[in-house]
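In what follows, a structure is listed as structure tokens, so that the remarks can point back to it.
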Amino acid sequence: MTSYLSFKPKNSVEPVRMQQILQNQYCHNFFIYFVYLTILYVIKFCISKLLIEGKVEQWRVIIDLTSCSVLNIPIATLKDISKNLSCNYRSRLCKMLVLSAPLVVTGIWHMLKSIIPVVTQQKITITSSEKEKKLLDQVQANQLERKSINCQFIFHIVELDSNI
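As structure tokens, then:
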């Protein structure tokens, strides 16, 4: 079900009304929706322009929750993105890594793991420690860029391996 966001003032737009709209939750929802559409555009662009034609390539999704607490995790946005990816781009997920997950997220995953199919369980790894080791087990080191910030290492995927 697609939901659209529209602003329809009754007669005319007054400065006070516009200020109320911008301070309201609708503006935040519109921003989330815009980010969501941007992600979908990038995915469709990558599929049409960057992937090998006629081949189904699989993706690795890396989510780093280092700076997120349990209250700051954008759960609704992540659910929307995962729902759309699973409905429109089936069988493309090779591995999902959730790094530096809070203890609550790890506990919820262990409870929900029993109702998820075994094939899907094997694709998802949630870890709260050993971030570098888990990441390097799943992704080649030459595909990562290492930056040192405050004695912590932050990884970004920069390019695909040219040998593949």
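The sequence shown begins at -4 in the numbering used here and counts up one residue at a time.
Every residue gets a Cβ at the ideal spot worked out from N, C-alpha and C, and that includes glycine.
**Message:** So if DSSP puts residue 120 in a beta bridge, which residue, or which two residues, is it bridged to?
**Reply:** In the sequence shown, residue 120 corresponds to position 125, counting from 1. DSSP lists 92 as partners of residue 120.
**Asked** Comparing alpha-carbon positions, which option in 36, 136, 119 lies nearest residue 56?
**Response** By 1-based counting over the sequence shown, the position of residue 56 is 61. The candidate whose alpha carbon is nearest that of residue 56 is 119.
**Request:** Can you give me the Cβ contacts of residue 194 inside the same chain, cut-off strictly under 6 Å, excluding the 5 residues immediately before and after it?
**Result:** This structure cannot speak to residue 194, because the chain is shown only from -4 to 159.
**Asked** Roughly how many angstroms separate the alpha carbons of residue 40 and residue 58, rounded to a whole number?
**Response** Translated into the one-based positions of the sequence shown, residue 40 becomes position 45. Translated into the one-based positions of the sequence shown, residue 58 becomes position 63. Across the structure, residue 40 and residue 58 are spaced so that their CA atoms are roughly 21 Å apart.
**Prompt:** In three-state terms, what does DSSP make of residue 30?
**Reply:** To locate residue 30, count along the sequence shown from 1; it is residue 35. Here DSSP, grouped into helix, strand and coil, assigns residue 30 to helix.
**Prompt:** Which same chain residues, not among the five before or five after residue 84, have their C-beta less than 6 Å away from its C-beta?
**Reply:** The count along the sequence shown starts at 1 and reaches residue 84 at position 89. Counting only Cβ-Cβ distances below 6 Å, and skipping sequence neighbours, we find nothing.
**Request:** Drop a sphere of 10 angstroms on the beta-carbon of residue 96, count the other beta-carbons inside from all chains shown, and report buried for 16 or more, exposed for fewer.
**Result:** As a first step, residue 96 must be located in the sequence shown, where it is residue number 101. That one is buried.
**Message:** Taking the beta carbon of residue 66 as the centre, do at least 16 other beta carbons fall within 10 Å, making it buried, or is it exposed?
**Reply:** Looking up residue 66 in the sequence shown gives position 71. Using a 10 angstroms sphere on the CB of residue 66, the tally of other CB atoms stays under 16, which defines it as exposed.
**Residue interval of the alpha helix (DSSP H) (run including residue 99)** = As a working mapping, residue 99 is identified with position 104 in the sequence shown. Run containing residue 99: 98 to 107, per the alpha helix (DSSP H) assignment.
**CA-to-CA distance, residue 113 to residue 106, given in whole angstroms** = Locating residue 106 in the sequence shown gives position 111, counting from the first residue. Locating residue 113 in the sequence shown gives position 118, counting from the first residue. Straight-line measurement puts the Cα of residue 113 at about 14 Å from the Cα of residue 106.
**Item:** Cβ-based burial, residue 130 [other Cβ within 10 Å; buried from 16]
**Value:** Sequence index remark: in the sequence shown, residue 130 carries index 135 (1-based). Under this definition residue 130 is a buried residue.
**Asked** Would DSSP call residue 56 helix, strand or coil?
**Response** Against the sequence shown, residue 56 aligns to sequence position 61. In this structure, residue 56 counts as strand in the three-state DSSP scheme.
**Asked** What separation, rounded to the nearest whole angstrom, lies between the Cα atoms of residue 135 and residue 28?
**Response** Here residue 135 corresponds to residue number 140 of the sequence shown, with the count starting at 1. Here residue 28 corresponds to residue number 33 of the sequence shown, with the count starting at 1. Straight across, the Cα-Cα distance linking residue 135 with residue 28 is about 33 Å.
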